[in-house]
Amino acid sequence: MPKPSFAFERRMEGPVCGVDEAGRGPLAGPVVAAAVIFHKPRAPKGINDSKLVPAELRETLFDAISASATVGIGIASVEEIDEINILRATFLAMRRAVAALPSLPRHLLIDGNMAPDLGYPATAIVKGDGLSLSIAAASIIAKVTRDRIMRDLDVPHPGYGFAQHKGYGTPAHLDAIARLGPSPVHRRSFAPFRQGALPLETGAGFP
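Numbering (our numbering), first residue to last: 217 to 423.
Listed below in structure tokens is the structure:
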């Protein structure tokens, strides 16, 4: 399987920024986006789509990317997700990530099939996190950042297992919601809550 490269970046007039998100699918927690610019055509070894990188290596690469590239992080809250929907909240997080960059890009490479207006010329790349090193690096920054947030949320909201499943709809997570009801960080606008498969109100066992 081919690994990400700078092939897309070399076609653009730089600086080129890779943008990706983590957390569109979970039932709980924020959506996080990251923007990464490599100012030289070099990147730490091991960068790939975050889903293909072991958790321990992701943590190591997070530090290596942060030390060798310009990085911006943006977050859209659960409240924003429920208010404007997950797609718009994802674009909002991306916009915030790009705005957080300490130096400005000239072109954006965005993972996915849509290039939202983030204030700069942009190219959407389907499965870009497996093709572009800048996007792959952004996927790792976003994933590690969100995983850390979910581990932190496990402390004030015990019983749901956020530290383990990071808010995704695992059987253990669904069982916890059925027993305890949703926590304040659950996305009540998502279909399982909205359509009645999961309770909308907290239960007597809410921690």
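Note that the Cβ used here is the ideal one computed from N, Cα and C, for glycine as well.
Being a predicted model, the structure only gives us computed values, none of them experimental.
Test item: CB-CB of residue i and residue j under 8 Å
{"i": "Gly-239", "j": "Gly-230", "result": "no"}
{"i": "Thr-306", "j": "Glu-237", "result": "yes"}
{"i": "Thr-286", "j": "Ile-326", "result": "no"}
{"i": "Val-248", "j": "Ala-315", "result": "no"}
{"i": "Val-235", "j": "Leu-324", "result": "yes"}
{"i": "Gly-375", "j": "Ala-392", "result": "yes"}
{"i": "Gly-383", "j": "Leu-243", "result": "yes"}
{"i": "Arg-312", "j": "Ile-291", "result": "yes"}
{"i": "Ala-394", "j": "Gly-377", "result": "no"}
{"i": "Ser-355", "j": "Asp-363", "result": "no"}
{"i": "Ala-338", "j": "Gly-288", "result": "no"}
With 16 other Cβ atoms within 10 Å as the buried cut-off, status of residue i
{"i": "Asn-264", "result": "buried"}
{"i": "Leu-303", "result": "exposed"}
{"i": "Leu-347", "result": "buried"}
{"i": "Ser-319", "result": "exposed"}
{"i": "Pro-218", "result": "exposed"}
{"i": "Lys-343", "result": "exposed"}
{"i": "Pro-321", "result": "buried"}
{"i": "Phe-406", "result": "buried"}
{"i": "Met-425", "result": "This structure cannot speak to residue 425, because the chain is shown only from 217 to 423."}
{"i": "Arg-410", "result": "exposed"}
{"i": "Arg-227", "result": "exposed"}
Expected contact under 8 Å - CB spacing of residue i and residue j to nearest Å
{"i": "Arg-403", "j": "Val-232", "result": "Contact doesn't hold; Cβ gap of about 33 Å is too wide."}
C-alpha gap between residue i and residue j, whole angstroms
{"i": "Ala-420", "j": "Pro-400", "result": "Bear in mind that a pLDDT of 40 at Ala-420, under 50, signals an unreliable position, so the model cannot answer this."}
{"i": "Pro-423", "j": "Gly-397", "result": "Because Pro-423 sits at a pLDDT of 40, beneath the cut-off of 50, its placement in the model cannot be relied upon, and the following sentence gives the value as read from the coordinates. Going from the Cα of Pro-423 to the Cα of Gly-397 covers about 10 Å."}
{"i": "Phe-222", "j": "Lys-261", "result": "13 Å"}
{"i": "Thr-276", "j": "Ser-284", "result": "13 Å"}
{"i": "His-381", "j": "Leu-414", "result": "17 Å"}
{"i": "Phe-224", "j": "Ile-365", "result": "31 Å"}
{"i": "Pro-441", "j": "Gly-241", "result": "A query on residue 441 cannot be resolved here, the shown segment of the chain reaching from 217 to 423 and no further."}
{"i": "Leu-273", "j": "Pro-220", "result": "16 Å"}
{"i": "Ala-379", "j": "Phe-278", "result": "18 Å"}
{"i": "Gly-335", "j": "Thr-386", "result": "37 Å"}
{"i": "Leu-390", "j": "Pro-408", "result": "10 Å"}
(request) Taking 8 Å as the threshold, find out whether the stretch 265-272 comes into contact with the stretch 352-359 through three or more Cβ pairs. (result) yes
(request) Give a yes or no on contact between the stretch 291-303 and the stretch 250-261, applying the rule of three or more CB pairs nearer than 8 Å. (result) no
(message) Count Cβ pairs between the stretch 347-356 and the stretch 364-371 that sit closer than 8 Å; are there 3 or more?
(response) no
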